[in-house]
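J.: In the working numbering, the protein residues as written are -1 to 133.
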Amino acid sequence: MAITYPELNKENQLRFTELKKETAQIIQNLLDDGSLPDVDYLIEHHFYSADAALLEKMACHAIQVDLHVTEEEEFEDEETGELLFTCDIIFEIPLDGNIINDQIKLMLQMSQHFNVEYDGWGTYFEDGSEELEEI
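1. Sorted by chain position, which residues of the same chain lie with C-beta nearer than 8 Å to L34's C-beta, five sequence neighbours on each side aside?
2. Which residues in the same chain as A50 place their Cβ atom closer than 8 Å to its Cβ, once the five residues preceding and following it in sequence are excluded?
3. Can you check which of these residues, Q11, Y122, E77, D86, is closest to M61 by C-alpha distance?
4. Determine whether the beta carbon atoms of H44 and D117 lie at a separation below 8 Å.
5. Whole angstroms are fine: how far does the CA of L28 sit from the CA of E9?
6. Look up S47 in the DSSP assignment and give the residues it is bridged to.
7. For the alpha helix (DSSP H) that contains E9, what are its first and last residues?
8. For T15, count neighbouring C-beta atoms within 10 Å of its own C-beta (all shown protein chains included) and say buried if the count is 16 or more, exposed if not.
9. Give me the Cβ distance between I98 and W119, rounded to the nearest whole Å; I'm assuming they're in contact under 8 Å.
10. Kindly list the residues whose CB is nearer than 6 Å to the CB of V37, restricted to its own chain and excluding five residues on each side of it in sequence; keep chain order.
11. Assign M(-1) to one of two classes, buried (16 or more other C-beta atoms within 10 Å of its C-beta) or exposed (fewer than that).
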């Protein structure tokens, strides 16, 4: 099923530009540290909202379009004390900046459409062992 959303607003266009730069740095740092280049990586795209219903709506939509979504969790923001709700959308893909950047754009579009916050992506160091070290 093809997923289409309105184009990014100006704020998210600027954010996308910054996230693309961060993605290139993250990938280079992983490879420089000895992470394997030719394996699939677990990529976790992070979302949050102070409104659990908005996050739930986005998560339900993501599941309907066959994306893998983690269970929602709640935590207290250390700076503000605000209660926030979080979930991740997860992919297992090669460590390829073009693929990740395409995903970032889609995640920003989803967050904009559902009025939740996209908090970037993370992955794990891959050295061929079974233990995952979060980056």
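Built from N, CA and C at the ideal position, the CB exists for glycine as well.
T.: The relevant details are as follows:
1. E124, D125, G126
2. E70, E72, F83.
3. The residue you asked about is not Met; residue 61 is Ile in the sequence shown. Nearest C-alpha to I61: D86.
4. yes
5. 28 Å
6. When beta bridges are read from the DSSP output, S47 appears opposite F83.
7. 8 to 30
8. exposed
9. With 8 Å as the limit, I98 and W119 qualify as a contact, their Cβ atoms being about 7 Å apart.
10. If we look at V37 and ignore the five residues flanking it on each side, its Cβ neighbours are E124.
11. The predicted model places M(-1) with a pLDDT of 48, which falls under 50 and marks its position as unreliable, so this point remains unresolved.
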